[in-house]
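Note sheet for the following structure.
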Amino acid sequence: MDETKKTMNEQKPQPQVLIKHKEVQSVQAFAAMLEKMAQKLKQEGKFTFVQGTEQVEVAPGDPVKVDYKYTVKGDKHEFEIEIEWSPNRASAGKMSIE
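The following block contains the structure:
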């Protein structure tokens, strides 16, 4: 491997998966979970996933980048919502004068 590429790869932080969970739910149960997440984000700026004794807090900073994706493959439909944030991310498309 080229030394430059090796050095660049070594500097990238490795992703850390804090929670990964799949389950079959009714549309109503899923909607209720989304509503609770939205309510917590509006009121507290965070929400917490709880599974058994494990708790994972999600506290996005402003601004957030949101990606929506809806795909259809045969008779399978998939809808994804992805939220990204970084403490150093500036709000895109906005300008100020100092």
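All you need for my numbering is the position in the sequence shown, starting with 1, plus 46.
C-beta: ideal position from N, C-alpha, C; glycine also.
Model, not experiment: these values are computed from the prediction.
Looking only at 133, 75 and 126, the smallest Cα-Cα distance to residue 113 is reached by 126. Residue 73 and residue 92 have their C-alpha atoms roughly 23 Å apart.
Contact between residue 115 and residue 130 is absent: CB atoms are separated by about 13 Å, not below the 8 Å threshold.
Under the DSSP assignment, residue 89 falls in the alpha helix (DSSP H) whose first and last residues are 73-90. In the DSSP assignment, no residue is bridged to residue 70.
Per DSSP, residue 113 is one residue of the beta strand (DSSP E) stretching across 111-119. Distance from residue 133 to residue 107 at the Cβ level is roughly 6 Å; contact confirmed, criterion being Cβ atoms closer than 8 Å. DSSP places residue 60 in the coil class of the three-state scheme, outside both helix and strand.
In this structure, DSSP gives residue 94 an extended state, which the three-state scheme calls strand.
Within the DSSP bridge table, the entry for residue 129 names 112 as partners.
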